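Residue numbers (full-length UniProt numbering): 1 to 311.
Yeah, the Cβ is synthetic: ideal placement off N, Cα and C, and Gly gets one too.
Note that the structure is predicted; figures quoted are calculated from it, not measured.
Below is one structure, written out as structure tokens, with a few remarks after it.
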Amino acid sequence: MSDRRLLFYNDSRHYYLYCYDPPISLADVRAPVDELLGTRVDTLVYGSGPGATVFHHTRVGEIWGERFDGFDTMYAYRAAENIQSLIKRGLDPLDVLIDRAHEKDMEFFASLRMANPGPPDADSVFNSKFNLDHPEWCLRTRSSSSFNYVYSEVRAERFALAEEYVSRYDVDGLELDWVFEPVFFEEGEVEENTPLMTGFVREIRQAVDKAAGEQGRPILLGARVLPTRDGNLAAGLDVPTWIHEGLLDFVVPNFYGCQDLDADFPFEWLVQLGRETKCMVYPALQARIQGDDPALHGHDYSLGTYMAGKD
Numbered sequence: 001m002s003d004r005r006l007l008f009y010n011d012s013r014h015y016y017l018y019c020y021d022p023p024i025s026l027a028d029v030r031a032p033v034d035e036l037l038g039t040r041v042d043t044l045v046y047g048s049g050p051g052a053t054v055f056h057h058t059r060v061g062e063i064w065g066e067r068f069d070g071f072d073t074m075y076a077y078r079a080a081e082n083i084q085s086l087i088k089r090g091l092d093p094l095d096v097l098i099d100r101a102h103e104k105d106m107e108f109f110a111s112l113r114m115a116n117p118g119p120p121d122a123d124s125v126f127n128s129k130f131n132l133d134h135p136e137w138c139l140r141t142r143s144s145s146s147f148n149y150v151y152s153e154v155r156a157e158r159f160a161l162a163e164e165y166v167s168r169y170d171v172d173g174l175e176l177d178w179v180f181e182p183v184f185f186e187e188g189e190v191e192e193n194t195p196l197m198t199g200f201v202r203e204i205r206q207a208v209d210k211a212a213g214e215q216g217r218p219i220l221l222g223a224r225v226l227p228t229r230d231g232n233l234a235a236g237l238d239v240p241t242w243i244h245e246g247l248l249d250f251v252v253p254n255f256y257g258c259q260d261l262d263a264d265f266p267f268e269w270l271v272q273l274g275r276e277t278k279c280m281v282y283p284a285l286q287a288r289i290q291g292d293d294p295a296l297h298g299h300d301y302s303l304g305t306y307m308a309g310k311d
């Protein structure tokens with residue numbers, strides 16, 4: 001059984017940097033932590049940016065909006081200017097949040113999206129120059145135009161961001177989000193490339209362990225995965241092997257669909273794998289649903305996950 005009570009995910013955008021007029025104040029920068037004080041949440045999981053670009057002062061990726069002189073939406077302008085206003089003050093937005101979380105005795109996990117579904121020819125804040133410069137590395141036979149993980153350059157780009165999180169920042173854990181647009185290989189090429197993805201997760205695990213050893217403290221590695229075994233395998237994600245090899249400290253079964261919060265979420269197979277290993281299982285609640293009473297539905301879901309044996 002995990003000592004964690006509740007993990008709360010903040011995507012850094014819709015209820016945060018999209019909302020504040022620049023220049024953002026330090027009090028507002030700390031809001032993702034401060035708004036959780038007095039609740040049962042003891043771990044903040046923070047997705048810094050939409051995936052292709054990030055909301056912190058990265059040295060290996062691209063900062064949201066840094067390629068643009070102007071913006072056609074208020075949210076894009078606010079986020080970009082708020083990030084740059086902090087950097088100009090000598091502050092990294094991610095460091096400020098991590099320090100605040102630790103000051104309030106809260107764990108901080110960084111969350112990294114592993115797919116970029118943006119069209120490779122759309123020059124927007126949701127795309128990176130890396131994506132725009134290399135359409136040949138994007139999927140062609142799928143409805144998604146995400147990167148094709150067959151290419152070592154694609155894996156290296158995501159690896160660099162993952163490694164930076166654990167080596168440069170004082171995070172307590174790193175979550176790999178495989179659920180947002182879970183398409184990573186061409187049609188008909190998933191099964192043969194599934195071992196390639198396992199090897200990639202193995203490399204990230206090694207980077208996490210290396211950083212933890214150098215810093216003399218534990219750093220956890222987890223993954224947000226689809227709720228069913230078959231769904232993950234269909235995407236090239238061999239989650240059972242990841243867990244049995246000890247590559248993951250926790251998994252978060254999740255599905256991005258506000259109308260699809262199932263009170264009988266089918267993740268018992270993950271609970272069984274967790275019992276056979278030391279891997280924790282943290283099923284995700286959605287923020288809202290449509291149709292039924294969300295409070296009652298959330299209650300049913302929470303009860304269902306408890307009865308299923310979640311950590």
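_Beta-carbon contacts of Gly141 that lie in its chain and below 7 Å, excluding the five residues immediately before and after_ = At residue 141 the sequence reads Thr, which differs from the Gly that was named. Excluding five sequence positions before and after Thr141, the CB atoms of its chain that fall closer than 7 Å to its own CB belong to Glu186 and Glu187, given in chain order.
*asked:* Using a Cβ distance threshold of 8 Å, determine whether the region 191-201 contacts the region 227-245, with at least three qualifying pairs required.
replied: yes
*Taking Cβ to Cβ, would you say Leu7 is nearer than 8 Å to Val33?*
Contact: no.
*Going by DSSP, name the residue or residues bridged to Cys19.*
Cys19 pairs with nothing; no bridge assigned.
_Element boundaries [beta strand (DSSP E), containing Ala223]_ = Leu220 to Val225
_Length at least 3, wholly inside the UniProt domain "Glycosyl hydrolase-like 10" (87-181): the beta strand (DSSP E) runs in chain order_ = 107-113 and 173-177
_His297 in three-state terms, based on DSSP_ = For His297, the predicted structure reports a pLDDT of 48, less than 50, and the residue's modelled location is therefore unreliable. The matter cannot be settled from this model.
*In this structure, does DSSP put Val45 in helix, strand or coil?*
strand
*What are the start and end residues of the alpha helix (DSSP H) that includes Leu6?*
Where Leu6 is concerned, there is no enclosing alpha helix (DSSP H), although the beta strand (DSSP E) it sits in stretches over Leu6 to Asn10.
*Under a three-way DSSP split, which group does Pro266 fall into?*
Per DSSP, reduced to three states, the secondary structure at Pro266 is coil, with no helix or strand assignment.
*Using the beta-carbon count (16 or more within 10 Å), is Pro253 buried or exposed?*
buried
*asked:* Taking the alpha carbon of Lys129 as the reference point, which residue from Ile63, Arg155, Ala115 and Tyr149 has its own alpha carbon closest?
replied: Ile63
*Using the Cα positions of Leu91 and Ser25, report the straight-line distance between them to the nearest angstrom.*
12 Å
*asked:* Pull the bridge partners of Ile63 from the DSSP assignment, please.
replied: BP columns for Ile63 point to Val54.
*How is Phe185 classed by DSSP in three states: helix, strand or coil?*
coil
*Is DSSP giving Pro195 helix, strand or coil here?*
helix
*Sequence-distant residues of the same chain with beta carbon closer than 8 Å to Glu164, five excluded per side*: Thr58, Arg59, Val60 and Gly61
*When the Cβ atoms of the region 134-152 are set against those of the region 76-93, are three or more pairs found closer than 8 Å?*
no
*Considering only residues of the same chain and omitting the five flanking positions on each side of Gly49, which have a CB-CB separation below 7 Å?*
Excluding sequence positions up to five before and after Gly49, its CB lies within less than 7 Å of the CB of Ser12, Phe55 and Trp64, all in the same chain and listed in chain order.
*Assign Gly173 to buried or exposed, taking buried as 16 or more other Cβ atoms, counted over all protein chains shown, within 10 Å of its Cβ.*
buried
*Report the rounded CA-to-CA distance for Phe200 versus Met114, giving the unit in angstroms.*
12 Å
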